[in-house]
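Heads up: the sequence shown begins at 41 in my numbering, then just goes up one per residue. Glycine included, every Cβ here is placed at the ideal spot set by N, Cα and C. Quick caveat, the model's predicted, so the values are computed rather than measured. Here is the structure we will look at, set down as structure tokens.
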Amino acid sequence: MSIFTGDVIAMYPSINLDDAFERIEEFLHHSSLCANVDAGAVMHALRLIMKRNCFRFGDTYWLQKDGTAMGTPPAPSFATLYYGIFELDLIEQFGSSLHYLRRYIDDQFGIWIHDPDPVVDQHQWEAFKQRQETYCSLSWEFSPLSKTANFLDVTLDVEQFHINFKLYEKPLNLHLYIPPNSAHTPAVRMGLVTGGIYRILQLTTRDCDKKDSLSKFHSHLFARGYKLPFLKFAFEKALIQFSKPREKKSKDSTRDYILLHLPFHPRDPPRHSLQQAFHAHMLRPQTKHRLFGRACDHSQAWHRTYSWNGWDAFIQKDTPVVPKEKFKPYLYELHNNEKAPIPIKRLIVAYSCAPNLKNLLFPCHVEAKCPTARQVSTIQAELLHSFTNAEPT
Numbered sequence: 041m042s043i044f045t046g047d048v049i050a051m052y053p054s055i056n057l058d059d060a061f062e063r064i065e066e067f068l069h070h071s072s073l074c075a076n077v078d079a080g081a082v083m084h085a086l087r088l089i090m091k092r093n094c095f096r097f098g099d100t101y102w103l104q105k106d107g108t109a110m111g112t113p114p115a116p117s118f119a120t121l122y123y124g125i126f127e128l129d130l131i132e133q134f135g136s137s138l139h140y141l142r143r144y145i146d147d148q149f150g151i152w153i154h155d156p157d158p159v160v161d162q163h164q165w166e167a168f169k170q171r172q173e174t175y176c177s178l179s180w181e182f183s184p185l186s187k188t189a190n191f192l193d194v195t196l197d198v199e200q201f202h203i204n205f206k207l208y209e210k211p212l213n214l215h216l217y218i219p220p221n222s223a224h225t226p227a228v229r230m231g232l233v234t235g236g237i238y239r240i241l242q243l244t245t246r247d248c249d250k251k252d253s254l255s256k257f258h259s260h261l262f263a264r265g266y267k268l269p270f271l272k273f274a275f276e277k278a279l280i281q282f283s284k285p286r287e288k289k290s291k292d293s294t295r296d297y298i299l300l301h302l303p304f305h306p307r308d309p310p311r312h313s314l315q316q317a318f319h320a321h322m323l324r325p326q327t328k329h330r331l332f333g334r335a336c337d338h339s340q341a342w343h344r345t346y347s348w349n350g351w352d353a354f355i356q357k358d359t360p361v362v363p364k365e366k367f368k369p370y371l372y373e374l375h376n377n378e379k380a381p382i383p384i385k386r387l388i389v390a391y392s393c394a395p396n397l398k399n400l401l402f403p404c405h406v407e408a409k410c411p412t413a414r415q416v417s418t419i420q421a422e423l424l425h426s427f428t429n430a431e432p433t
């Protein structure tokens, strides 16, 4: 058994868009996972976005004709799906030798089972590489079949019946950590050391490799100007914390927040405005109420819980754009198992869906004034037709 890695050279700009559209559309039409998906609408949207990648360089606007750009929102999913469709056939074709194959965007890792005949095994390996390089004309760089390979930020080493890991750093890594005299808070500098130590300990299996990586990390920080007393304190604290058993967060009623779950609408106040208004109104001393409107005594004055009256006042006063009836069904009541109120310190706003075309075209919060579904589909069709037939400028 051996392991190998592969890397695509310039994956995004090398993708053949026409071939990708054809293969993805065929997959959407025949896959049981996409039974409830309108494949035609998805492909129409993909062609609209991927064929209209316009960008500015200097004083000139350019339209990308070949491949795609990583900055285009659907590009990572588009490229991953395009190559993932091919991998289904690849695994089936080389299943006798290809024991394991995984890919992260354009970085591939696999486990190869050798054939008893070295000639046959070499032929299979060369055919495997050639098959990938002929697919949509992508250029690959493969590591040789070996017991050791570097994948992402770890080095994997096969030893008998298990695999060891250790931290891998590219030769071009200059270790330019934030200097100790920067304007960052002390917690950021401490977090830099703690995070680096945790990363080493979590990605490394052998003790000798852990000591070696920790020693190098210490030397890099010292070279950046960190003093030895600080490094000694930070390393000791991080190592002690890592050695302690981690307690699992219980799902009891100890949370101190309200989760406000809303359907997205562009006319709604932004998330930070809701949070600021909540803290400005609900957390004032005169508005501290118990959950069911009972006054809070002095011994429990730190309880910052809400009542429906206070919440209604918050909605009416601070968010006049949104009707308060919209918020009530999505507000979780906060009480523990004994039905006692829970202190509230923050408001978390979550949206149930991302912006969609209907919300962007018709930004109104009164449902009765919104166009009908038939009008929406007609306007969308006209817009898509105008976009797809317009000449790029």
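Rounded straight-line distance, which links the Cα of residue j to that of residue i
| i | j | result |
| --- | --- | --- |
| E123 | A189 | The sequence as given places Tyr at residue 123; Glu does not occur at that position. Those two C-alpha atoms are separated by around 23 Å. |
| E166 | P156 | 16 Å |
| W180 | D47 | 6 Å |
| K284 | K272 | 19 Å |
| T234 | Q281 | 9 Å |
| W152 | K187 | 10 Å |
| Q162 | N204 | 26 Å |
| L241 | K250 | 6 Å |
| G236 | F257 | 8 Å |
| A119 | M90 | 11 Å |
| T112 | Q200 | 44 Å |
| N221 | P116 | 38 Å |
| F126 | P269 | 55 Å |
| S72 | I64 | 14 Å |
| T244 | S137 | 28 Å |
| V198 | R246 | 13 Å |
| H312 | A223 | 25 Å |
| Q133 | L57 | 25 Å |
| N93 | L103 | 6 Å |
| Y266 | Y217 | 10 Å |
| F262 | Y140 | 41 Å |
| K169 | R286 | 44 Å |
| T100 | T195 | 44 Å |
| E276 | L128 | 48 Å |
| F97 | G135 | 46 Å |
| T45 | Y175 | 18 Å |
Three-state class that DSSP yields for residue i in the structure shown
| i | result |
| --- | --- |
| Y175 | helix |
| E378 | Model confidence at E378 stands at a pLDDT of 47, short of 50, so the residue's coordinates are unreliable; what they give is reported in the following sentence. Coil, per DSSP. |
| H312 | helix |
| H202 | strand |
| D197 | strand |
| F134 | coil |
| Y140 | strand |
| R87 | helix |
| S259 | helix |
| S117 | helix |
| S54 | coil |
| S42 | strand |
| P325 | Since pLDDT at P325 reaches only 46, below the 50 mark, its modelled position is unreliable, and no value is offered. |
Contact belief for residue i with residue j at Cβ below 8 Å, rounded distance in angstroms
| i | j | result |
| --- | --- | --- |
| K206 | S259 | With 8 Å as the limit, K206 and S259 do not qualify as a contact, their Cβ atoms being about 17 Å apart. |
| L192 | D147 | 6 Å |
| L86 | P114 | 7 Å |
| L130 | R171 | 7 Å |
| H215 | S42 | H215 to S42, Cβ: 32 Å. No contact. |
| P310 | R264 | Contact flag wrong, Cβ pair sits at about 38 Å. |
| A274 | Y238 | Going by Cβ atoms, the distance from A274 to Y238 rounds to 12 Å, so no, they are not a contact pair. |
Sheet register partners of residue i (DSSP bridge)
| i | result |
| --- | --- |
| D492 | In the structure displayed, the chain extends from 41 to 433; residue 492 sits before or after that span and is not available. |
| N76 | According to DSSP, N76 bridges with nothing at all. |
| T108 | Answer is none; T108 lacks a bridge partner. |
| Y101 | R96 |
| T225 | Per DSSP, none; premise fails for T225. |
| T188 | D197 |
| W165 | According to DSSP, W165 bridges with nothing at all. |
| L207 | V194 |
Taking contact to mean at least 3 C-beta pairs separated by less than 8 Å, is the stretch 78-94 in contact with the stretch 212-228? no
Using 8 Å as the threshold, is the stretch 57-75 in touch with the stretch 196-214, meaning 3 or more CB pairs across them? no
Given 8 Å as the limit, is there contact between the stretch 96-113 and the stretch 45-61, that is, 3 or more CB pairs closer than that? yes
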